[in-house]
Amino acid sequence: MVNGGKSVGVGTQGLLLLWGGLIYRTGVAIWLLPGFDEAYYYLYSRHLNWSYFDHPVMVALTTGVGWWLTGIISPLTIRLGALGLYGLSLVLLTLAATYLYRSRAVGQMTLAIVTLVPLFAIAFGILTSPDNGLILFWSATLLGALGEFFPPEQRFPPGGRTVGYQPPWRLALLGLLVGLACLSKYHGFVLGLSLVGFCLSCRPYRRALRSPWALAALVIFGLTLFPLWYWNSQHDWISFRFQLGMRFDRDQPRSAFSLAQMVGYWLLSNLYLFPLFGLPLWWVTLRQTGQQIRRLGAPRLSPAQTQATYQKALVLWLSLPIMGLFTLLGGKQQIFPAWPAPGYWGVAIFLGAQAVIWHRHRPRLVRRWLWGSGLFLVTLSLLALLHLQLGIFQKPGNYSLFGGFVPVHQDGSTELIDPQQLRRLLAAEPQVAAALAEASFVFTNEYYLGGYFAMALHPLRNIPVTAFSQDPRGFAFWFNQADWLGGNALLMTLDRFVQDPALLAQYQSNFEHLEPLTTLALRRGGEVTETIHLYRALNFKAVYNYPYGP
Numbered sequence: 003m004v005n006g007g008k009s010v011g012v013g014t015q016g017l018l019l020l021w022g023g024l025i026y027r028t029g030v031a032i033w034l035l036p037g038f039d040e041a042y043y044y045l046y047s048r049h050l051n052w053s054y055f056d057h058p059v060m061v062a063l064t065t066g067v068g069w070w071l072t073g074i075i076s077p078l079t080i081r082l083g084a085l086g087l088y089g090l091s092l093v094l095l096t097l098a099a100t101y102l103y104r105s106r107a108v109g110q111m112t113l114a115i116v117t118l119v120p121l122f123a124i125a126f127g128i129l130t131s132p133d134n135g136l137i138l139f140w141s142a143t144l145l146g147a148l149g150e151f152f153p154p155e156q157r158f159p160p161g162g163r164t165v166g167y168q169p170p171w172r173l174a175l176l177g178l179l180v181g182l183a184c185l186s187k188y189h190g191f192v193l194g195l196s197l198v199g200f201c202l203s204c205r206p207y208r209r210a211l212r213s214p215w216a217l218a219a220l221v222i223f224g225l226t227l228f229p230l231w232y233w234n235s236q237h238d239w240i241s242f243r244f245q246l247g248m249r250f251d252r253d254q255p256r257s258a259f260s261l262a263q264m265v266g267y268w269l270l271s272n273l274y275l276f277p278l279f280g281l282p283l284w285w286v287t288l289r290q291t292g293q294q295i296r297r298l299g300a301p302r303l304s305p306a307q308t309q310a311t312y313q314k315a316l317v318l319w320l321s322l323p324i325m326g327l328f329t330l331l332g333g334k335q336q337i338f339p340a341w342p343a344p345g346y347w348g349v350a351i352f353l354g355a356q357a358v359i360w361h362r363h364r365p366r367l368v369r370r371w372l373w374g375s376g377l378f379l380v381t382l383s384l385l386a387l388l389h390l391q392l393g394i395f396q397k398p399g400n401y402s403l404f405g406g407f408v409p410v411h412q413d414g415s416t417e418l419i420d421p422q423q424l425r426r427l428l429a430a431e432p433q434v435a436a437a438l439a440e441a442s443f444v445f446t447n448e449y450y451l452g453g454y455f456a457m458a459l460h461p462l463r464n465i466p467v468t469a470f471s472q473d474p475r476g477f478a479f480w481f482n483q484a485d486w487l488g489g490n491a492l493l494m495t496l497d498r499f500v501q502d503p504a505l506l507a508q509y510q511s512n513f514e515h516l517e518p519l520t521t522l523a524l525r526r527g528g529e530v531t532e533t534i535h536l537y538r539a540l541n542f543k544a545v546y547n548y549p550y551g552p
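Okay, so the sequence shown: first residue is 3 according to the numbering used here, each after it adds one.
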């Protein structure tokens, strides 16, 4: 039992962790090139709407807030929302851990652990993504549910007698928090179902589902999701269809469940978490789950034991379903690292509590565990950033260590495009400026390239950027192509796509003529890492046919 008093708050050490983590993540956010999805989400913030093809609206707001306030488009400014929201998420999780165990030490230890876990720092706290809002409202829901189902008067009753749960008006606020989680990412629906599962599984809290406040929570939840319902109702429910089936039906044969594939995914997820945190996270989760199962058949528990069991059951219900769901799905299809991460986030509280106990018996070992992991991960991330910016491991290169190790053409990190370098190259070419001046729009052949090119073009010229592709995502909804008929355009694409004659051939029916304009060489460490090809597309005569959209 961990009990360090009833103090609530992050404390001085917690503040140092928060500020230290923010400084580190800000440095990474400055130097890390935008990912494919990040550049694409930048376009969300350019095309504000009630919702989007891939995700609900929240990611447009969190991505846009930085460059809206500064007027500067850079890797840092599109990530300012992520940096800020993650700080709030850390505070909420720390408060939840402190409240659950009545121990500031547990809260601070939990904060230290989640600050160091690379998956959390990158997916939630650096990269702009739907996960920024999701983890904020997931954390708020966890803290709110702890306060709702285990209020202070119930947890610390005078005379040691338990107070029966009576659903108050605060129950309705959980509907708002879960709704906001769903407006961040569709995973929020799992959060809502997990809350219902907790209430059904714990007898005293079944009355919450029969309360008028549960109906109020459901109404508030539905109203909060109005942007999602409204946009989808106007677009043939395309976003729901995409998430529930289309994204997995890309002309690929359905694969059977594979235990080996699931184990492989599980091992990979521990690598993203960092094994010194991932394996202990799973251990404490399975341990707590086992204790919950054993207590089902245990003799009558004391009121304090019963309350502790219910409290930990709540954390498990808000964590284990999403962890287990995506681990199982990992045996059948590709699962992205961030999908089960909210579950790991919740059970980090259990690891924080266990680490406090370990610290009492082996303080030096725990300090080495945390400091050693932190120093290793910071060193690793620094080397990764130096490679992304300077190419210290590429061969050849001006800054290569020991002559380099990976040939440039085999280096996957060159897939990331530096929009600021590309902007400078575009600005230095007079023929590009002339072509942009007479163009009605810019297009590319892959949706994930559109964001990079849009970031590079603004503020050189405020021109529409779209993708003519059979996987267009949001581009199928953002523009009315009829407005461009009769005008000229600029095609931007990568060198590897130009090698295929089918690239230009597919647009022959849309334009009168396509002709090469120029090429721009992106460099790292003095070596060309990517070549951007630009074509003038004359007389847009027929709209491009998307597989979906208006």
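Virtual Cβ for every residue (Gly too), placed ideally from N, Cα, C.
Open item on the list: Tell me the DSSP secondary structure of A544 in three-state form.
Closed with: Along the sequence shown, one-based indexing puts residue 544 at 542. If DSSP states are grouped into helix, strand and coil, A544 belongs with coil.
Task: 8 Å Cβ cutoff met for E517 and Y537 - done: Sequence index remark: in the sequence shown, residue 517 carries index 515 (1-based). Sequence index remark: in the sequence shown, residue 537 carries index 535 (1-based). Cβ atoms of E517 and Y537: closer than 8 Å.
Task: Distance between beta carbons of F242 and N234, contact taken as under 8 Å - done: Residue mapping note: residue 234 aligns to position 232 of the sequence shown, counting from 1. Residue mapping note: residue 242 aligns to position 240 of the sequence shown, counting from 1. 6 Å between Cβ atoms; contact.
Open item on the list: Tell me the DSSP secondary structure of V59 in three-state form.
Closed with: On the sequence shown, residue 59 is found 57 positions in, with the first residue counted as 1. Residue state, collapsed to three classes: coil.
Open item on the list: Let me check one thing: in DSSP terms, what residues is P534 bridge-paired to?
Closed with: Looking up residue 534 in the sequence shown gives position 532. The question names Pro, but residue 534 in the sequence shown is Ile. L496, L522, per the DSSP bridge assignment.
TODO: Run through the stretch 113-169 for me and flag every whole beta strand (DSSP E) of 3 or more residues, listed as ranges in chain order.
DONE: none
TODO: Return the CA-CA distance between P58 and L78, expressed in angstroms with no decimal places.
DONE: As a position in the sequence shown, residue 58 is number 56, starting the count at 1. As a position in the sequence shown, residue 78 is number 76, starting the count at 1. Looking at the two C-alpha atoms, the distance is approximately 23 Å.
TODO: Name the two residues that bound the continuous beta strand (DSSP E) containing V444.
DONE: In the sequence shown, the residue the question calls residue 444 occupies position 442. Looking at the DSSP string, the run of the beta strand (DSSP E) that includes V444 is 441-446.
Task: Which of helix, strand or coil DSSP assigns to E431 - done: Taking the sequence shown and counting its residues from 1, the one referred to as residue 431 is at position 429. Of the three classes helix, strand and coil, the one that applies to E431 here is coil, per DSSP.
TODO: Tell me, to the nearest whole angstrom, how far the beta carbon of L173 is from that of A142; I am working on the premise that it is less than 8 Å.
DONE: For the purposes of this step, residue 173 is taken as residue 171 along the sequence shown, with counting starting at 1. For the purposes of this step, residue 142 is taken as residue 140 along the sequence shown, with counting starting at 1. Not confirmed; about 15 Å, so no contact.
Open item on the list: For a minimum of 4 consecutive residues, which ranges assigned as the alpha helix (DSSP H) are wholly contained in the stretch 303-369?
Closed with: 305-319, 322-331, 343-363
Task: C-alpha gap between T112 and R362, whole angstroms - done: As a position in the sequence shown, residue 112 is number 110, starting the count at 1. As a position in the sequence shown, residue 362 is number 360, starting the count at 1. Spanning the two alpha carbons is a distance of roughly 15 Å.
- [ ] Along the beta strand (DSSP E) that carries T14, what are the first and last residues, could you check?
- [x] One-based indexing of the sequence shown puts residue 14 at position 12. No beta strand (DSSP E) holds T14; the alpha helix (DSSP H) holding it covers 13-33.
- [ ] Rounded to whole angstroms, what's the CA-CA distance from L275 to A436? Just pull it up for me.
- [x] Locating residue 275 in the sequence shown gives position 273, where the first residue counts as 1. Locating residue 436 in the sequence shown gives position 434, where the first residue counts as 1. L275 and A436: Cα-Cα distance of roughly 49 Å.
Task: H389 classed as buried or exposed, judged by whether at least 16 other C-beta atoms fall within 10 angstroms - done: Within the sequence shown, numbered from 1, the residue matching residue 389 stands at position 387. Flag for H389 reads buried.
- [ ] Tell me whether D420 is buried or exposed, calling it buried when 16 or more other Cβ atoms sit within 10 Å of its Cβ.
- [x] One-based indexing of the sequence shown puts residue 420 at position 418. D420 should be labelled buried.
TODO: Could you check what DSSP says for L78 in three-state terms: helix, strand or coil?
DONE: Stepping through the sequence shown from its first residue, residue 78 is reached at position 76. Coil at L78, not helix or strand.
- [ ] Identify, in the order they occur along the chain, each residue of the same chain with its Cβ nearer than 8 Å to the Cβ of L459, setting aside the five sequence neighbours on each side.
- [x] Indexing the sequence shown from 1 puts residue 459 at position 457. The answer, listed in chain order, is R425, L428, L438, V444, I465, V467.
Open item on the list: Measuring only the C-alpha atoms, how far is V221 from I137?
Closed with: Looking up residue 221 in the sequence shown gives position 219. Looking up residue 137 in the sequence shown gives position 135. Cα-Cα distance, rounded: 23 Å.
Task: Proximity winner among L382, Q483, H411, L372, relative to R525 (alpha-carbon distances) - done: Counting from 1 along the sequence shown, the entry for residue 525 is found at position 523. Of the listed residues, the one whose Cα sits closest to R525 is H411.
TODO: Using alpha carbons as the reference points, say which of D485, N512, E529 lies closest to A539.
DONE: If you number the sequence shown from 1, residue 539 lands on position 537. When only C-alpha atoms are compared, the closest one is N512.
TODO: Answer with buried or exposed for L92, where buried requires no fewer than 16 other C-beta atoms within 10 angstroms of its C-beta.
DONE: For the purposes of this step, residue 92 is taken as residue 90 along the sequence shown, with counting starting at 1. The residue is buried, with at least 16 neighbouring Cβ atoms inside 10 Å.
Task: Burial state of S257 (16 or more Cβ within 10 Å) - done: Taking the first residue of the sequence shown as position 1, residue 257 is located at position 255. With fewer than 16 other Cβ atoms within 10 Å, it is exposed.
Task: Per-residue burial, K543 [other beta carbons within 10 Å of its own, 16 or more giving buried] - done: Numbered from its first residue, the sequence shown carries residue 543 at position 541. That one is exposed.
TODO: Would you mind working out which of A147, N272, L63 sits nearest K314, comparing C-alpha positions?
DONE: Here residue 314 refers to the residue found at position 312 when the sequence shown is read from its first residue. Of the candidates A147, N272, L63, the one whose C-alpha sits nearest the C-alpha of K314 is A147.
- [ ] Whole angstroms is fine: what's the gap from R163's alpha carbon to V30's?
- [x] The sequence position of residue 163 within the sequence shown is 161, counting from 1. The sequence position of residue 30 within the sequence shown is 28, counting from 1. With a pLDDT of 48 at R163, under the threshold of 50, the modelled position of this residue cannot be trusted, and the question is left open.
Open item on the list: Using the three-state DSSP reduction, which class does F455 fall into: helix, strand or coil?
Closed with: Locating residue 455 in the sequence shown gives position 453, where the first residue counts as 1. DSSP places F455 in helix when its eight states are reduced to three.
Task: Cβ-based burial, N541 [other Cβ within 10 Å; buried from 16] - done: Position 539 of the sequence shown, counted from the start, is the residue given in the question as residue 541. The residue is exposed, with fewer than 16 neighbouring Cβ atoms inside 10 Å.
TODO: Would you mind stating whether I324 and P339 have Cβ atoms separated by less than 8 Å?
DONE: As a working mapping, residue 324 is identified with position 322 in the sequence shown. As a working mapping, residue 339 is identified with position 337 in the sequence shown. Cβ distance not < 8 Å, so I324 and P339 don't count as in contact.
- [ ] Please determine if the stretch 527-535 and the stretch 485-498 are in contact, where contact requires at least 3 C-beta pairs separated by less than 8 Å.
- [x] yes
TODO: State the DSSP-derived secondary structure class of F513, mapped to helix, strand or coil.
DONE: Stepping through the sequence shown from its first residue, residue 513 is reached at position 511. The answer is strand: DSSP assigns F513 an E or B state.
Task: Nearest to N51 (by Cα), restricted to the options E40, L63, Y42, G181 - done: If you number the sequence shown from 1, residue 51 lands on position 49. For the residues E40, L63, Y42, G181, the minimum Cα distance to N51 belongs to L63.
TODO: Please name the residue in G149, F228, E150 whose C-alpha comes closest to that of C184.
DONE: As a first step, residue 184 is located in the sequence shown; it is residue number 182 there, counting from the start. Of the listed residues, the one whose Cα sits closest to C184 is F228.
Open item on the list: Mapping the DSSP letters down to three states, classify T409 as helix, strand or coil.
Closed with: Here residue 409 refers to the residue found at position 407 of the sequence shown. Note that residue 409 corresponds to Pro in the displayed sequence, not to Thr. Strand at P409.
Task: Opposing strand residues paired with E529 [DSSP bridges] - done: As a position in the sequence shown, residue 529 is number 527, starting the count at 1. For E529, which the question treats as bridged, DSSP gives the partners R526.
- [ ] Report the three-state DSSP secondary structure of A258 (helix, strand or coil).
- [x] Counting from 1 along the sequence shown, the entry for residue 258 is found at position 256. Of the three classes helix, strand and coil, the one that applies to A258 here is coil, per DSSP.
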